[in-house]
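Counting from 1, position 92 in the sequence shown corresponds to residue 92 in my numbering; the numbering is continuous, with no gaps. The C-beta atom is built at its ideal place from N, Cα and C for all residues, glycine as well. Here the structure is a predicted model, which is why all the values come from computation and not from measurement.
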Amino acid sequence: MAAHEYPNLFQIPMPLPLDLYALPSTSQLPTPPVSTCHVREKPESPFEPIMIIPMAQEQQIRNTPIHGLLLVAHDPPNPRPNHSRNRWTIYLPIGGHHFINLDPFCTVNRGYARPNGLRGTLIVSASTSADFVPAHHVCRISLHPAATVSNVLNTIIGFGRHRFEFDADGRGGRGWIMDVIDALQAGGLVSNPIEAAKARMELQMEWHKLVNKGIRVPIYRCGYH
């Protein structure tokens, strides 16, 4: 699916290079809550729940202004029985055909919140509209006009949604995205709750080449520790 088939998603001026961005004023943005989720006592480990790539540009990426949020359904890289036929990723438009991706990735690290659960890592990285190929569906959610990547990440952390776990079969990505939408709305970043409600409904359906197949897919909820 070519980028020109999504004309409404690219009506954004081309941004400056990441390392030239100045920190925008966010004085009117809500402050995310401090996480109150219970963390079980466990040995220290090098496991990182959030990985920003490349690390050398972490601060520039965090400071980057964003123009809403897109949920994009792709083909799963390794289709498996009893799994959704769509794999969803969060894209944060930053201008032109450029995005910051938030991709929940299932690791082999054992979790703490559920039997045989697997800890997830949130991969934060830059991409272009080429990553929309092929996209089976796109949901857009409008955010606070002064929002940055950091505001989104801080809200995810503040609501404890960065320490997530998939089930033993690696399912839970759409459930995590549902929880992130809830957190962003509760934290005051979502500016159009109707779009958020529509996205929640569309996450529950199977999509192929922009067509709703009429098949409701179970949402597997994440565990949190």
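Cβ-based burial, residue i [other Cβ within 10 Å; buried from 16]
i, result
"Gly214", "exposed"
"Arg110", "exposed"
"Arg174", "buried"
"Ala135", "buried"
"Asn86", "buried"
"Ala73", "buried"
"Met178", "buried"
"Val133", "exposed"
"Val180", "buried"
"Pro77", "exposed"
"Pro145", "exposed"
"Cys37", "Reliability fails at Cys37, whose pLDDT of 34 lies under 50, so the model's placement of it is uncertain and the value that follows must be treated cautiously. Looking at its Cβ environment, which holds fewer than 16 other Cβ atoms inside 10 Å, Cys37 is exposed."
Sequence-distant residues of the same chain with beta carbon closer than 7 Å to residue i, five excluded per side
i, result
"Thr155", "Pro32, Ala183, Leu184, Gly187 and Leu189"
"Gln226", "As shown, the chain starts at 1 and ends at 225. That puts residue 226 outside it, with no answer to give."
"Phe47", "Asn109 and Arg119"
"Thr107", "Leu118, Arg119, Gly120 and Thr121"
"Asn212", "Met205"
"His162", "Pro49, Ile50, Leu122 and Ile156"
"Asn253", "A query on residue 253 cannot be resolved here, the shown segment of the chain reaching from 1 to 225 and no further."
Cβ shell of residue i (< 6 Å), same chain only, five flanking positions each side left out
i, result
"Trp176", "Pro104, Phe164 and Cys222"
Nearest to residue i (by Cα), restricted to the options the options
i, options, result
"Leu69", "Thr89, Gln60 and Met51", "Thr89"
"Ile194", "Gly158, Trp207, Leu153 and Arg140", "Arg140"
"Ser84", "Arg171, His225 and Asn212", "Arg171"
"Ser127", "Gly96, Thr121, Phe159 and Ser142", "Gly96"
"Trp207", "Asn78, Val138 and Gly158", "Val138"
"Phe166", "Ile50, Phe99 and Arg114", "Arg114"
"Ile100", "Ile181, Gly158, Asn63 and Val211", "Asn63"
"Leu102", "Asp169, Ala130, Asn116 and Ile61", "Ile61"
"Leu210", "His98, Pro49 and Asp75", "Asp75"
"Ser129", "Gln59, Asp169 and Pro93", "Pro93"
"His98", "Asp131, Leu71 and Asn116", "Asp131"
Contact belief for residue i with residue j at Cβ below 8 Å, rounded distance in angstroms
i, j, result
"Val124", "Ile53", "7 Å"
"Ser191", "Leu153", "Ser191 to Leu153, Cβ: 18 Å. No contact."
"Gly160", "Tyr224", "6 Å"
Within-8 Å CB hit, residue i to chain D
i, result
"Ile181", "The chain inventory of the structure shown lacks chain D, comprising one protein chain alone."
Contacting residues, own chain, Cβ-Cβ under 8 Å from residue i (five flanking each side not counted)
i, result
"Met51", "Thr121, Leu122, Ile123 and Val124"
"Glu44", "Caution applies to Glu44, whose pLDDT of 41 falls short of 50 and renders its modelled position unreliable; the value that the coordinates give is listed next. Cβ neighbours of Glu44 beyond the five flanking positions: none."
Segment contact flag, the region 199 to 213 with the region 147 to 160, C-beta cutoff 8 Å, min 3 pairs: no
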